[in-house]
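Notes follow the structure.
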Amino acid sequence: MCIKGLRLVTVQLPENSPPSDWGPTELRLDGARNAPTPNGYDVPGPRRTDAVRGGYNISQSLKAKRRSCIVNSLPLVYDSQNNPMDEEHPAKRKKSRWWPTSRGAMRIFATLIAVGALLFTAVGALLFLISVIVVATLDNEILLVLGIATVVAAVVVLILAGQQYKWTGFGESVQPKPDNQEIQPRKTLWDWLQLFIVPLALAAIGLWFSAQQDAHQQQIEKKRAMSDRQIEEQRAQDAALQAYLDQMSQLMLERKLLGSEEGTEVRTLAQARTRTILTRLDGRRKGSVVQFLYEASLINKEHPVVSLTSAFVPAGAPKKSVNVGLRGADLRGADLRGADLSEADLSEAKLSGANLSDVNLSNAQLIDANLSWASLSDADLSDAELPEANLNVAILNDANLNGAILNNANLSEAVLPGAKLRSAYLYNADLRGADLTDAKGVTEQRLEDQTNLLEGATMPDRSMHD
Numbered sequence: 006m007c008i009k010g011l012r013l014v015t016v017q018l019p020e021n022s023p024p025s026d027w028g029p030t031e032l033r034l035d036g037a038r039n040a041p042t043p044n045g046y047d048v049p050g051p052r053r054t055d056a057v058r059g060g061y062n063i064s065q066s067l068k069a070k071r072r073s074c075i076v077n078s079l080p081l082v083y084d085s086q087n088n089p090m091d092e093e094h095p096a097k098r099k100k101s102r103w104w105p106t107s108r109g110a111m112r113i114f115a116t117l118i119a120v121g122a123l124l125f126t127a128v129g130a131l132l133f134l135i136s137v138i139v140v141a142t143l144d145n146e147i148l149l150v151l152g153i154a155t156v157v158a159a160v161v162v163l164i165l166a167g168q169q170y171k172w173t174g175f176g177e178s179v180q181p182k183p184d185n186q187e188i189q190p191r192k193t194l195w196d197w198l199q200l201f202i203v204p205l206a207l208a209a210i211g212l213w214f215s216a217q218q219d220a221h222q223q224q225i226e227k228k229r230a231m232s233d234r235q236i237e238e239q240r241a242q243d244a245a246l247q248a249y250l251d252q253m254s255q256l257m258l259e260r261k262l263l264g265s266e267e268g269t270e271v272r273t274l275a276q277a278r279t280r281t282i283l284t285r286l287d288g289r290r291k292g293s294v295v296q297f298l299y300e301a302s303l304i305n306k307e308h309p310v311v312s313l314t315s316a317f318v319p320a321g322a323p324k325k326s327v328n329v330g331l332r333g334a335d336l337r338g339a340d341l342r343g344a345d346l347s348e349a350d351l352s353e354a355k356l357s358g359a360n361l362s363d364v365n366l367s368n369a370q371l372i373d374a375n376l377s378w379a380s381l382s383d384a385d386l387s388d389a390e391l392p393e394a395n396l397n398v399a400i401l402n403d404a405n406l407n408g409a410i411l412n413n414a415n416l417s418e419a420v421l422p423g424a425k426l427r428s429a430y431l432y433n434a435d436l437r438g439a440d441l442t443d444a445k446g447v448t449e450q451r452l453e454d455q456t457n458l459l460e461g462a463t464m465p466d467r468s469m470h471d
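If you're matching positions, the sequence shown starts at 6 in our numbering and goes up one per residue.
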């Protein structure tokens with residue numbers, strides 16, 4: 006091992022002194038020429054001698070061994086007064102010990118950055134975990150993106166800041182290793198992150214997976230509960246419909262409902278039961294009730310026994326807040342020729358392709374009803390409300406539409422030869438391609454005043470509108 010700055014000093018001992026009094030020889034760092042020995046002798050200066058006390062001659066090999074022994078085993082003496090290492094920075098020694106150096110200040114600053122980044126990461130991870138655990142769903146994509154962005158930003162900050170400082174472990178680090186010595190470096194920030202990142206990542210993944218499983222299970226249970234409720238409701242409606250049909254059959258067979266006079270007890274009972282059941286059924290089952298009443302000849306317009314008017318509303322309930330009358334009834338393709346549906350609430354009803362010829366629909370409510378391809382020849386629709394109704398390709402030959410409200414209705418390609426349209430409201434109605442041949446109570450000028458959608462329509466005077 007080479008020691009820079011050291012000078013090997015040999016000493017000359019007094020004559021007639023036994024070897025046991027020689028004592029250890031010392032080395033000096035400052036190169037001084039005079040130094041006391043442990044036996045009190047002064048060494049006049051460094052000089053090489055080839056003789057030892059007693060007149061013994063030492064061979065050249067013994068001298069080499071002694072030099073090696075002196076270098077490898079003799080103690081070193083540190084001279085603090087003449088050490089040039091301490092003379093390099095005299096100004097720094099004068100500073101207060103509490104004042105950090107520039108390197109210390111940079112380390113403090115880097116530590117603050119790293120701590121801030123870790124806190125930022127912790128807050129982002131906490132927000133992400135809260136969003137997963139509390140909300141129990143990943144539908145909230147904003148929190149998910151925020152959490153991922155927070156983690157990525159923290160990692161980028163740590164890497165950029167850590168590359169400038171060795172203690173973080175991100176940048177290049179050189180550790181000197183003297184001969185025959187092992188150096189155990191201190192734990193860097195990256196070392197600590199390696200210790201905690203994997204467990205924290207596994208814990209976060211476990212929590213996320215558990216939360217996803219819980220959310221998925223909750224969704225399955227919610228769908229199952231909803232399906233069970235729907236099935237139970239369907240069963241209840243089926244039971245109610247079957248009970249109604251049995252009761253009405255009993256009234257017809259045992260109490261002669263068909264031949265009863267207006268105002269009699271049996272007719273009042275049938276009316277009440279019909280109105281009550283219609284508030285409890287969905288659109289498809291309402292259609293079944295109407296079909297039953299029609300086939301039982303209870304709603305024949307010549308001799309109606311049961312009225313389907315929408316005037317009945319449960320006490321304290323607004324008319325549109327309850328499913329009264331035939332609102333939303335499914336009567337697609339039904340054959341109801343000659344039925345009495347006056348004043349019935351058929352809003353949003355499905356009547357496409359239905360045969361409604363000669364049906365009494367006066368004062369009926371058909372708001373947003375679907376009557377496309379329906380047959381309404383000779384039907385009575387006087388004063389009926391049909392705003393936004395779909396009458397596309399509907400057949401309305403000789404239909405009575407006096408005073409009907411058809412604002413924003415779709416009458417494109419509808420067939421209306423001979424239809425009565427006196428005082429009918431057709432504002433913004435779509436009459437493109439409609440056939441209004443011989444329509445009564447309306448003129449081309451009046452139609453143009455109410456709507457601009459008349460392209461290709463046949464006017465009452467049989468002219469084609471441009």
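Where is the CB? At the ideal position from N, CA and C, for every residue including glycine.
By DSSP, does residue i sit in helix, in strand, or in coil?
{"i": "Ala339", "result": "coil"}
{"i": "Val420", "result": "strand"}
{"i": "Lys394", "result": "The sequence shown places Ala at residue 394, rather than the Lys named in the question. Coil."}
{"i": "Asp287", "result": "coil"}
{"i": "Ser215", "result": "helix"}
{"i": "Glu92", "result": "For Glu92, the pLDDT reaches just 47, beneath the cut-off of 50, and the residue's location in the model is therefore unreliable, leaving the point undetermined."}
{"i": "Asp243", "result": "helix"}
{"i": "Ser380", "result": "strand"}
{"i": "Lys425", "result": "strand"}
{"i": "Ala344", "result": "strand"}
{"i": "Lys445", "result": "strand"}
{"i": "Ile202", "result": "helix"}
{"i": "Asp350", "result": "strand"}
{"i": "Asp466", "result": "coil"}
{"i": "Lys355", "result": "strand"}
{"i": "Ile236", "result": "helix"}
Just the Cα atoms here: how many angstroms apart are residue i and residue j?
{"i": "Ala206", "j": "Lys227", "result": "31 Å"}
{"i": "Asp243", "j": "Gln450", "result": "53 Å"}
{"i": "Glu307", "j": "Leu386", "result": "17 Å"}
{"i": "Ala424", "j": "Leu401", "result": "7 Å"}
{"i": "Ala369", "j": "Leu283", "result": "17 Å"}
{"i": "Glu460", "j": "Asp388", "result": "27 Å"}
{"i": "Ser347", "j": "Val364", "result": "9 Å"}
{"i": "Gln296", "j": "Asn412", "result": "30 Å"}
{"i": "Gln455", "j": "Ala434", "result": "8 Å"}
{"i": "Glu453", "j": "Val447", "result": "11 Å"}
{"i": "Tyr249", "j": "Thr314", "result": "18 Å"}
{"i": "Ala275", "j": "Lys445", "result": "40 Å"}
{"i": "Glu426", "j": "Asn305", "result": "Inspection of the sequence shows that residue 426 is occupied by Leu rather than by Glu. Answer to the nearest angstrom: the Cα atoms are 26 Å apart."}
{"i": "Arg234", "j": "Asp219", "result": "22 Å"}
{"i": "Asp251", "j": "Ser362", "result": "30 Å"}
{"i": "Ala141", "j": "Pro204", "result": "Only weak support exists for where Ala141 lies, its pLDDT of 46 falling under 50; the value from the coordinates is given anyway. Going from the Cα of Ala141 to the Cα of Pro204 covers about 22 Å."}
{"i": "Val398", "j": "Met469", "result": "18 Å"}
{"i": "Ala439", "j": "Ser254", "result": "45 Å"}
{"i": "Ala429", "j": "Asp466", "result": "18 Å"}
{"i": "Leu421", "j": "Thr442", "result": "7 Å"}
{"i": "Ala384", "j": "Ile225", "result": "50 Å"}
{"i": "Ala208", "j": "Ser215", "result": "10 Å"}
{"i": "Ala394", "j": "Asp471", "result": "25 Å"}
{"i": "Gly292", "j": "Tyr432", "result": "31 Å"}
{"i": "Leu371", "j": "Leu212", "result": "55 Å"}
{"i": "Arg342", "j": "Ala301", "result": "13 Å"}
{"i": "Met231", "j": "Thr281", "result": "26 Å"}
{"i": "Arg278", "j": "Gly338", "result": "26 Å"}
Can you give me the start and stop residues for the alpha helix (DSSP H) that residue i sits inside?
{"i": "Val271", "result": "270-283"}
{"i": "Gln450", "result": "449-455"}
Would a C-beta distance cut-off of 8 Å place residue i and residue j closer than the cut-off?
{"i": "Leu406", "j": "Leu436", "result": "no"}
{"i": "Lys355", "j": "Asp373", "result": "no"}
{"i": "Ser357", "j": "Ser382", "result": "no"}
{"i": "Leu391", "j": "Ala414", "result": "yes"}
{"i": "Val310", "j": "Leu303", "result": "yes"}
{"i": "Ala379", "j": "Ala404", "result": "no"}
{"i": "Ser352", "j": "Arg332", "result": "yes"}
{"i": "Leu286", "j": "Leu246", "result": "yes"}
{"i": "Val271", "j": "Leu258", "result": "no"}
{"i": "Asp350", "j": "Gly330", "result": "yes"}
{"i": "Leu366", "j": "Leu396", "result": "no"}
If you measure from the beta carbon of residue i to each beta carbon in chain D, is any gap under 8 Å?
{"i": "Ser387", "result": "No chain D is present in this structure, which holds just one protein chain."}
At a cut-off of 7 Å, is residue i close to the ligand NAD when judged by its beta-carbon and the heavy atoms of the ligand?
{"i": "Ser362", "result": "This structure lacks the ligand NAD; in fact it carries no ligand of any kind."}
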